[in-house]
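First up is the structure itself, then whatever we jot down about it.
Number of protein chains: 2
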Amino acid sequence: MKIQELADRMGLSVHTIRYYEKEGLLDERHVERDQNNYRHYSDEAIERLTLVKRFQSVGCSLTELKQILLGLDTNTTTTQQGIEWVLSKIKEIERKKEEYDQVLATLNRMLEYKVALQNGPGKEHR
Amino acid sequence: MKIQELADRMGLSVHTIRYYEKEGLLDERHVERDQNNYRHYSDEAIERLTLVKRFQSVGCSLTELKQILLGLDTNTTTTQQGIEWVLSKIKEIERKKEEYDQVLATLNRMLEYKVALQNGPGKEHR
DNA sequence: GTAAACTATAGAGTAAACTCTAAGGCAAGC
DNA sequence: GCTTGCCTTAGAGTTTACTCTATAGTTTAC
């Protein structure tokens with residue numbers, strides 16, 4: 114598929130996709146060039162970008178993502194070191210999930226307060 | 114307490130704290146000025162910045178945070194509208210938590226793969 | 001066969017959230 | 001009393017992740 118189609122399917126702009134390629138998040142398994150020099154994307158590009166979006170949405174920078182993808186692609190970092198990296202990342206994500214729970218708690222308090230205000234104005238305090 | 118102490122306690126830089134104040138995330142309940150014009154922070158500043166960090170860590174922009182804090186501070190946005198905003202925010206956070214679970218799943222797959230490689234090299238495939 | 005729509009590149013511009021610098025005033029220790 | 005270190009402001013600089021522009025070639029539709 115060509116870049117515009119991929120962009121539409123992924124909900125990204127063509128600029129962003131080219132930018133990701135420049136940043137090394139896509140490689141020959143995902144993009145090739147037609148005779149006319151147009152980029153041609155494989156289905157693997159979809160998978161890759163889905164992964165990119167997913168990790169990005171939990172706060173990974175593109176630099177960090179490159180590390181992660183490298184870890185998925187090659188066995189180079191396989192060893193105690195690589196395992197420890199993944200473990201620390203897992204801990205980090207779990208901490209973040211706890212943060213989310215605390216934010217949810219705050220939002221729920223806000224909600225209850227607002228609902229109470231709406232239902233019984235004049236009794237706001239206590 | 115003075116700005117450096119607050120910064121140390123919160124794990125922020127003094128620059129960042131002044132920046133937050135300029136952006137309207139802190140007000141007279143959190144900062145006052147001594148005779149020498151030094152900023153003097155109340156304990157409420159700690160609570161406030163904790164909240165700021167918490168919401169920020171789940172992807173809220175400072176602009177959005179200002180809205181949230183306004184909603185906590187005043188009753189101005191209390192009405193159906195405000196309630197709906199909180200509800201939509203809660204949905205958003207819940208969606209994000211699901212993303213986190215997917216990322217955790219990916220990391221766990223990476224981990225298993227790496228552990229398997231380390232324990233039985235030569236049997237990487239299948 | 002030509003206009004509209006898509007592709008390419010290089011590079012400039014933007015927004016958010018810091019981060020740092022300069023130039024100066026205040027304060028605490030020796 | 002003076003050096004060292006923290007405080008002030010205004011404003012410049014940085015980083016990240018886009019986002020857009022200019023210029024030009026290609027493809028598709030009528």
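Protein chains in written order, with my numbering: chain R, 114 to 239; chain F, 114 to 239.
For every residue, glycine included, the Cβ atom is placed at its ideal position computed from N, Cα and C.
Distance check for L182(R) and I199(R), CA to CA, integer angstroms please. The residue given as residue 199(R) occupies position 86 in the first sequence. The residue given as residue 182(R) occupies position 69 in the first sequence. Before going further, note that residue 199(R) is Val rather than Ile in the sequence given. Answer to the nearest angstrom: the Cα atoms are 12 angstroms apart.
If you reduce the DSSP assignment to three classes, tell me which class K227(F) lands in. By one-based count along the second sequence, residue 227(F) stands at place 114. Helix.
Taking the straight line between their C-alpha atoms, what separation do you get for Q169(R) and V228(F)? Along the first sequence, read from residue 1 onward, the residue named residue 169(R) stands at position 56. Along the second sequence, read from residue 1 onward, the residue named residue 228(F) stands at position 115. So the alpha carbons of these two residues sit roughly 25 angstroms apart.
Contact list for G184(F) against chain R, beta-carbon separation under 7 angstroms: On the second sequence, residue 184(F) is found 71 positions in, with the first residue counted as 1. Per Cβ cutoff of 7 angstroms: M223.
Within 10 Å of its beta-carbon, does Y132(R) have 16 or more other beta-carbons around it, so buried, or fewer, so exposed? Here the question's residue 132(R) lines up with position 19 in the first sequence. Flag for Y132(R) reads exposed.
Bridge partners for V144(F) per DSSP, in chain order? For the purposes of this step, residue 144(F) is taken as residue 31 along the second sequence, with counting starting at 1. DSSP, once it has assigned bridges, lists Y154(F) as partnering V144(F).
Which value, in whole angstroms, describes the spacing of the CA atoms of R222(R) and G124(F)? The residue labelled residue 222(R) in the question sits at position 109 within the first sequence. The residue labelled residue 124(F) in the question sits at position 11 within the second sequence. Approximately 26 angstroms between the Cα atoms of the pair.
Let me know the alpha helix (DSSP H) ranges lying completely inside the region 173-199 of chain F, each 4 residues or longer, listed in chain order. 175-186
Between the Cα of L116(F) and the Cα atoms of D140(F), V144(F), G137(F) and A218(F), which residue gives the shortest distance? On the second sequence, position 3 is the one that residue 116(F) refers to. For the record, residue 116(F) in the displayed sequence is Ile; it is not Leu. For the residues D140(F), V144(F), G137(F) and A218(F), the minimum Cα distance to I116(F) belongs to V144(F).
Distance, E225(F) Cα to I159(R) Cα: Here the question's residue 159(R) lines up with position 46 in the first sequence. Here the question's residue 225(F) lines up with position 112 in the second sequence. Spanning the two alpha carbons is a distance of roughly 24 angstroms.
Residues of chain R with CB under 9 angstroms from E160(F), in chain order? In the second sequence, residue 160(F) corresponds to position 47, counting from 1. Neighbours of E160(F) on chain R: none; closest Cβ ~12 angstroms, over 9 angstroms.
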